[in-house]
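Undergrad:
Number of protein chains: 2
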Amino acid sequence: MSQIVGISLLGCGVVGSGVLKILELQQMEIERRTGLRLEVRHVVVRDPARVRDIPAAFPRDRIHGDADRAIDDPNVAIVVELIGGTTRARELIDRAICSGKHIVTANKSLLALAGPELFRLARERNSSISFEASCAGGIPIIDALLRGLSANRIDALIGIVNGTCNFILSKMTREKMGYAEALAEAQALGFAEADPTLDVSGRDAAQKLAVLSTLAFGVHVREEDIELCGIDGLAADDIRFAGEFGHVIKLLASASRSASGALRLRVSPTLVPQSDMLAQVSGSFNAVSVYGSSLGHAMFYGRGAGQLPTGSAVVADILSTATGVGPAMFRALKSFPDSAGPVRLEHADASESCFYIRLTVEDRPGVLAAVTDAFGRASISLRAVLQHESSSSDAVPVVILTHRCRTGALREAIRQINALPASRAAATCLPVLESPVEFA
Amino acid sequence: MSQIVGISLLGCGVVGSGVLKILELQQMEIERRTGLRLEVRHVVVRDPARVRDIPAAFPRDRIHGDADRAIDDPNVAIVVELIGGTTRARELIDRAICSGKHIVTANKSLLALAGPELFRLARERNSSISFEASCAGGIPIIDALLRGLSANRIDALIGIVNGTCNFILSKMTREKMGYAEALAEAQALGFAEADPTLDVSGRDAAQKLAVLSTLAFGVHVREEDIELCGIDGLAADDIRFAGEFGHVIKLLASASRSASGALRLRVSPTLVPQSDMLAQVSGSFNAVSVYGSSLGHAMFYGRGAGQLPTGSAVVADILSTATGVGPAMFRALKSFPDSAGPVRLEHADASESCFYIRLTVEDRPGVLAAVTDAFGRASISLRAVLQHESSSSDAVPVVILTHRCRTGALREAIRQINALPASRAAATCLPVLESPVEFA
Chain A
0 MSQIVGISLL GCGVVGSGVL KILELQQMEI ERRTGLRLEV RHVVVRDPAR VRDIPAAFPR
60 DRIHGDADRA IDDPNVAIVV ELIGGTTRAR ELIDRAICSG KHIVTANKSL LALAGPELFR
120 LARERNSSIS FEASCAGGIP IIDALLRGLS ANRIDALIGI VNGTCNFILS KMTREKMGYA
180 EALAEAQALG FAEADPTLDV SGRDAAQKLA VLSTLAFGVH VREEDIELCG IDGLAADDIR
240 FAGEFGHVIK LLASASRSAS GALRLRVSPT LVPQSDMLAQ VSGSFNAVSV YGSSLGHAMF
300 YGRGAGQLPT GSAVVADILS TATGVGPAMF RALKSFPDSA GPVRLEHADA SESCFYIRLT
360 VEDRPGVLAA VTDAFGRASI SLRAVLQHES SSSDAVPVVI LTHRCRTGAL REAIRQINAL
420 PASRAAATCL PVLESPVEFA
Chain B
0 MSQIVGISLL GCGVVGSGVL KILELQQMEI ERRTGLRLEV RHVVVRDPAR VRDIPAAFPR
60 DRIHGDADRA IDDPNVAIVV ELIGGTTRAR ELIDRAICSG KHIVTANKSL LALAGPELFR
120 LARERNSSIS FEASCAGGIP IIDALLRGLS ANRIDALIGI VNGTCNFILS KMTREKMGYA
180 EALAEAQALG FAEADPTLDV SGRDAAQKLA VLSTLAFGVH VREEDIELCG IDGLAADDIR
240 FAGEFGHVIK LLASASRSAS GALRLRVSPT LVPQSDMLAQ VSGSFNAVSV YGSSLGHAMF
300 YGRGAGQLPT GSAVVADILS TATGVGPAMF RALKSFPDSA GPVRLEHADA SESCFYIRLT
360 VEDRPGVLAA VTDAFGRASI SLRAVLQHES SSSDAVPVVI LTHRCRTGAL REAIRQINAL
420 PASRAAATCL PVLESPVEFA
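The listed protein sequences correspond, in order, to chains A and B.
Numbered per numbering that gives the first Met the number 0, the first sequence spans residues 0 to 439.
Numbered per numbering that gives the first Met the number 0, the second sequence spans residues 0 to 439.
#1: Quick one: any contact between the stretch 326-334 of chain B and the stretch 380-400 of chain B, if contact means 3 or more CB pairs under 8 Å?
#2: Alpha carbons only, please: which of B/R405, B/I317, B/E361 and B/A425 is nearest the one belonging to B/S127?
#3: In the DSSP assignment, what are the bridge partners of B/M298?
#4: Check whether the Cβ atoms of B/H272 and B/L432 lie closer than 8 Å to each other.
#5: Look up A/Q2 in the DSSP assignment and give the residues it is bridged to.
#6: Report the three-state DSSP secondary structure of A/E388 (helix, strand or coil).
#7: Is there a C-beta anywhere in chain A that falls below 8 Å from the one on B/D52?
#8: Find the nearest neighbour of A/R68 within the set A/P54, A/M27 and A/I6, judged by alpha-carbon distance.
#9: Starting from A/G310, find everything on chain B with Cβ-Cβ shorter than 8 Å and list it in chain order.
#10: Which partner residues does A/V431 have in the DSSP bridge list?
#11: Under the three-state reduction of DSSP, which class applies to B/I92: helix, strand or coil?
#12: When burial is assigned at 16 or more other CB atoms within 10 Å of the CB, is A/P139 buried or exposed?
#13: Taking the beta carbon of A/H296 as the centre, do at least 16 other beta carbons fall within 10 Å, making it buried, or is it exposed?
#14: What separation, rounded to the nearest whole angstrom, lies between the Cα atoms of B/E116 and A/S253?
#15: Residues of the stretch 104-121 of chain A with a CB closer than 7 Å to any CB of chain B: list them in chain order, please.
#16: Measure how close the beta-carbons of A/G301 and B/M176 come, nearest whole angstrom, since I'm counting them as under 8 Å.
#17: Note down, in chain order, every chain A residue with its Cβ under 7 Å from the Cβ of B/E28.
#18: Scan the stretch 325-356 of chain A for residues whose Cβ lies nearer than 7 Å to a Cβ of chain B and list them as they occur along the chain.
#19: With respect to the alpha helix (DSSP H) encompassing B/A204, which residues constitute its N-terminal and C-terminal limits?
#20: Kindly indicate which three-state DSSP category B/C404 falls into: helix, strand or coil?
#21: Can you tell me where the alpha helix (DSSP H) with A/K249 in it begins and where it stops?
#22: So, using beta-carbon positions, are B/I77 and B/G10 closer together than 8 Å?
#23: Does the CB of B/Q273 have a neighbour CB from chain A at under 8 Å?
#24: Taking a contact to mean a Cβ-Cβ separation below 8 Å, would you say A/A105 touches A/V313 in this structure?
#25: Can you tell me where the alpha helix (DSSP H) with A/L182 in it begins and where it stops?
#26: 8 Å is my cut-off, CB to CB: does A/T322 come that close to chain B?
#27: Tell me the start and end of each unbroken alpha helix (DSSP H) in the stretch 61-146 of chain B that is at least 4 residues and wholly inside, in chain order.
#28: Mind checking A/A80: buried by the 16 CB within 10 Å criterion, or exposed?
#29: Just to confirm my understanding: we take A/G64, look at its own chain, exclude 5 residues before and 5 after, and list those with CB closer than 7 Å. What are they?
#30: Looking only at its own chain, which residues have a Cβ that is under 6 Å from the Cβ of B/E351, when we skip the five neighbours before and after it?
#31: Taking Cβ-Cβ distances shorter than 7 Å, what residues in chain B pair up with A/I138?
#32: Among the candidates B/H219, B/L109, B/S281 and B/D237, whose CA atom is the shortest distance from the CA of B/R343?
#33: Only counting runs of 3 or more residues, tell me where the beta strand (DSSP E) segments fall wholly within the stretch 310-379 of chain A, in order along the chain.
#34: Apart from the five residues on each side of it in sequence, which residues of its chain come closer than 8 Å, Cβ to Cβ, to A/A439?
#35: Do you know how far the Cα of B/S274 is from the Cα of A/E411?
#36: DSSP beta-bridge partners for B/A394?
Shown next as structure tokens:
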């Protein structure tokens with residue numbers, strides 16, 4: 000005889016209906032493996048009449064608009080929050096925790112904003128919060144950070160965690176599209192929202208990085224701690240020039256620990272060497288590279304969004320909660336935002352990186368000398384300087400790769416170069432990922 | 000006040016001393032995160048005087064040869080078996096389970112051989128067995144299969160799970176070495192044993208595949224269920240010719256479910272398209288690709304062997320056991336060998352694949368016609384046929400890629416070709432991986 004575990008789903012959009020589909024398909028196998036029968040007793044939506052994409056066998060009378068009833072039902076043990084946003088979702092999670100329910104959520108915005116308070120409340124009420132689906136869709140990266148890599152001091156975490164941006168950049172790279180055209184195609188195919196701001200500004204990636212780096216480094220990282228640059232200003236030229244240097248441009252969310260222990264947190268379009276595993280991550284796929292003190296480099300790859308992949312992570316969390324494994328982990332591990340200390344950030348100017356720089360300057364003798372002189376005065380040594388042919392005007396693009404240098408020094412050199420009389424547009428400046436050599 | 004958890008280490012070779020090093024380095028962080036103090040009270044080795052590579056601070060009087068004392072110590076909760084082999088290791092694990100200890104082991108040979116009995120005993124005695132380190136070193140693939148992908152029906156699992164073979168193949172590919180030379184270098188660098196048979200024959204990979212596919216498919220897979228071909232017969236020519244077709248050769252351990260639900264299990268050198276993520280896995284790195292019904296394709300990448308990477312997995316298991324998370328998972332999930340039904344294997348001849356074939360035939364008119372005729376009669380259509388120049392004799396290599404065909408039909412065609420008067424050596428025949436297209 001299987002034990003029945005009651006579940007309430009708050010929200011039934013793309014991910015919610017994926018959860019219902021997976022539960023229907025995997026019901027028997029889940030029961031065989033766990034002896035548990037997961038029963039969705041309530042699906043709470045604003046307009047029950049408009050819920051369409053769900054299994055035919057699912058009882059329609061369980062779909063309603065009454066969140067209180069869904070949370071208060073004494074036969075419900077797990078509340079799954081898939082509404083998104085930070086206002087109503089937070090009220091409902093608070094309420095569910097106070098009613099003694101366990102929480103499963105995919106809401107990275109809320110976790111990045113109010114993680115400490117929510118986790119503290121859950122701990123006080125002997126509840127638990129599972130949130131595997133909040134980052135990198137179906138990839139079990141949160142579980143890996145909490146359990147699989149628990150014997151490591153994490154030194155760096157570098158991820159492609161926004162499928163929309165990765166899709167757009169892949170299109171721009173492979174099909175030589177401009178940004179606007181690639182965005183339009185992503186929207187047409189459902190990979191980007193009508194208002195794509197949250198994705199293309201890098202904010203979505205920053206929220207995920209906040210969640211992941213809180214777990215990885217044991218300090219509470221907030222979205223505003225992260226240096227942010229989106230893909231919306233990226234020119235097709237930059238992708239082409241990066242290619243000429245053997246790199247592809249990816250939106251990387253990266254966190255790394257400096258020698259002093261301070262964290263460097265950044266979301267930015269970044270040049271990735273074509274030989275790096277991250278360069279191979281195309282379309283809407285996600286991947287997270289982790290560098291641990293014992294394990295060295297590990298990478299986790301898979302679909303970062305979509306109905307079934309994200310549903311896969313939600314259902315895994317439901318199962319883990321229902322079997323008691325998730326709550327045991329929540330109680331045993333002080334790895335969550337409420338237990339994490341404050342973050343110590345590396346000063347932006349002090350951090351070091353290699354950089355890609357694209358200048359637009361007048362095509363006349365002496366200009367290149369003035370440019371290289373500005374780098375020299377800032378003690379920045381250059382790896383490559385390429386002056387390109389101009390197709391249209393007397394201004395030409397000059398592309399530069401630097402060796403590793405202090406960001407502050409670079410900023411100063413760029414300030415000087417932008418001020419040159421020969422400079423025709425502000426310089427574009429992107430970090431370059433230095434991949435480890437890992438043949439052996 | 001931290002709670003102390005007593006641990007006995009049985010065996011202190013490469014991995015064992017890695018465990019001691021990691022515990023020393025991570026002690027404070029582990030205590031902060033879990034409130035537990037992991038204390039190694041016994042290290043059991045044959046010759047205590049010969050133990051060298053361990054932290055200086057570790058008390059030497061805890062290193063001794065008395066396994067019974069280490070197991071019976073009432074202050075020990077977790078016994079970590081790192082002896083390897085299937086005789087003494089099994090006796091000690093049996094004994095430890097019967098003494099009420101939890102088990103952490105890296106011993107895939109023993110799990111592949113006696114998994115069901117050991118897991119059943121552990122369940123009866125309210126003990127648990129954790130074995131993340133048994134497959135793919137530090138990569139948390141077992142945890143992913145048990146928890147992260149629990150909402151998926153797994154359709155296929157394809158892994159590079161032997162670092163020694165991958166190192167040798169990478170050397171042969173990148174530096175155009177012959178097999179013997181690459182093996183010698185692997186031995187000199189410590190990546191291969193003096194007797195490399197277990198690795199290069201593919202047996203080590205098959206034992207890992209047995210463990211992984213038991214968890215992935217919920218049926219008990221034994222080593223002898225797996226079709227086996229090692230890398231020891233591989234010619235440098237095959238690697239070169241595969242390269243001309245845009246492929247690299249990797250030793251793949253693969254398991255897939257046919258339409259009828261039967262499993263196809265194989266360890267074999269396999270042609271992998273250069274565009275596949277697995278083709279990028281070089282040197283002693285491992286990776287496992289998993290195809291799940293909800294998640295689609297996911298890949299887990301990292302170091303598959305070595306002191307600290309494997310130690311990382313062992314310590315993660317120790318921590319998980321000490322916090323109660325591992326035992327909760329062991330009790331709740333019937334995913335282990337003792338709960339798995341018997342495997343149903345696809346008949347070897349019925350399985351389908353694309354193949355790479357290298358023939359050595361006389362260089363005279365009519366031979367190629369006889370060869371292609373043999374394929375035609377077996378209803379096998381060909382994707383490419385390349386006749387190479389011969390450097391030395393009147394025999395020439397002919398390299399063929401087939402379209403997808405039944406293995407039985409291929410076997411028949413090869414039998415006929417080997418019997419041709421013009422055939423100078425038995426054909427070499429390797430499967431070709433068909434990668435999914437995953438741009439979007």
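Heads up, the beta-carbon is just placed ideally off N, CA and C, and yes, glycines get one too.
TA: Working from what's here:
#1: no
#2: Working through the second sequence from its first residue, we reach residue 127 of chain B at position 128. The residue with the shortest Cα to Cα distance from B/S127 is B/I317.
#3: Taking the second sequence and counting its residues from 1, the one referred to as residue 298 of chain B is at position 299. DSSP output for B/M298 lists A/Y300 and B/S288 as bridge partner(s).
#4: Numbered from 1 along the second sequence, position 273 holds the residue referred to as residue 272 of chain B. Numbered from 1 along the second sequence, position 433 holds the residue referred to as residue 432 of chain B. At residue 272 of chain B the sequence reads Pro, which differs from the His that was named. Going by C-beta atoms, B/P272 is nearer than 8 Å to B/L432.
#5: In the first sequence, counting from the first residue as 1, residue 2 of chain A sits at position 3. DSSP, once it has assigned bridges, lists A/L35 as partnering A/Q2.
#6: Your numbering for residue 388 of chain A matches position 389 in the first sequence. Looking at A/E388 - three-state DSSP - the assignment turns out to be coil, as it is neither helix nor strand.
#7: For the purposes of this step, residue 52 of chain B is identified with residue 53 of the second sequence, where counting begins at 1. Chain A contact via Cβ: absent.
#8: Numbered from its first residue, the first sequence carries residue 68 of chain A at position 69. With distances taken between Cα atoms, A/R68 lies closest to A/I6.
#9: Residue 310 of chain A sits at position 311 when you count from the first residue of the first sequence. Correct list: A150 and S293.
#10: To locate residue 431 of chain A, count along the first sequence from 1; it is residue 432. A/L270 and A/C353, per the DSSP bridge assignment.
#11: Here residue 92 of chain B refers to the residue found at position 93 when the second sequence is read from its first residue. Of the three classes helix, strand and coil, the one that applies to B/I92 here is helix, per DSSP.
#12: Within the first sequence, the letter at position 140 stands for residue 139 of chain A. Buried is the call here.
#13: Position 297 of the first sequence, counting from 1, holds the residue named residue 296 of chain A. It counts as buried.
#14: As a working mapping, residue 116 of chain B is identified with position 117 in the second sequence. As a working mapping, residue 253 of chain A is identified with position 254 in the first sequence. C-alpha separation (whole angstroms): 45 Å.
#15: none
#16: For this step, residue 301 of chain A is matched to residue 302 along the first sequence. For this step, residue 176 of chain B is matched to residue 177 along the second sequence. Between B/M176 and A/G301 the Cβ distance is about 34 Å, and since that is not below 8 Å, they are no contact.
#17: Taking the first residue of the second sequence as 1, we reach residue 28 of chain B at position 29. Here the neighbours are R152.
#18: A327, M328, A331, L332, K333 and S334
#19: Counted from its first residue, the second sequence places residue 204 of chain B at position 205. R202 to F216 is the extent of the alpha helix (DSSP H) around B/A204.
#20: Translated into positions along the second sequence, residue 404 of chain B becomes position 405. It is a strand residue.
#21: Numbered from its first residue, the first sequence carries residue 249 of chain A at position 250. Here A/K249 belongs to no alpha helix (DSSP H); instead the beta strand (DSSP E) covers H246 to R256.
#22: As a first step, residue 77 of chain B is located in the second sequence; it is residue number 78 there, counting from the start. As a first step, residue 10 of chain B is located in the second sequence; it is residue number 11 there, counting from the start. No, the Cβ-Cβ distance between B/I77 and B/G10 is not below 8 Å.
#23: The residue labelled residue 273 of chain B in the question sits at position 274 within the second sequence. B/Q273 does not count as touching chain A.
#24: As a working note, residue 105 of chain A is residue 106 in the first sequence. As a working note, residue 313 of chain A is residue 314 in the first sequence. A contact, by the Cβ cut-off of 8 Å.
#25: Indexing the first sequence from 1 puts residue 182 of chain A at position 183. That run of the alpha helix (DSSP H) goes Y178 to A187.
#26: To locate residue 322 of chain A, count along the first sequence from 1; it is residue 323. So yes, A/T322 belongs to the interface.
#27: The qualifying runs are 66-71, 87-97 and 107-123.
#28: In the first sequence, counting from the first residue as 1, residue 80 of chain A sits at position 81. One detail in the question is off: residue 80 of chain A reads as Glu in this sequence, not Ala. Under this definition A/E80 is a buried residue.
#29: For this step, residue 64 of chain A is matched to residue 65 along the first sequence. If we look at A/G64 and ignore the five residues flanking it on each side, its Cβ neighbours are V43, V44, R45 and P47.
#30: In the second sequence, residue 351 of chain B corresponds to position 352, counting from 1. Once the five neighbours on either side are set aside, the close Cβ partners of B/E351 are R403 and R405.
#31: On the first sequence, residue 138 of chain A is found 139 positions in, with the first residue counted as 1. By Cβ distance, chain B contributes A297.
#32: Here residue 343 of chain B corresponds to residue number 344 of the second sequence, with the count starting at 1. Answer by Cα proximity: B/H219.
#33: 351-361
#34: By one-based count along the first sequence, residue 439 of chain A stands at place 440. Note on A/A439: pLDDT 45, under 50, position unreliable in the model; no value is reported.
#35: Reading the first sequence from its first residue, position 412 is the one you call residue 411 of chain A. Reading the second sequence from its first residue, position 275 is the one you call residue 274 of chain B. Each residue's Cα considered, the two are about 41 Å apart.
#36: Along the second sequence, read from residue 1 onward, the residue named residue 394 of chain B stands at position 395. B/A394 pairs with B/E361.
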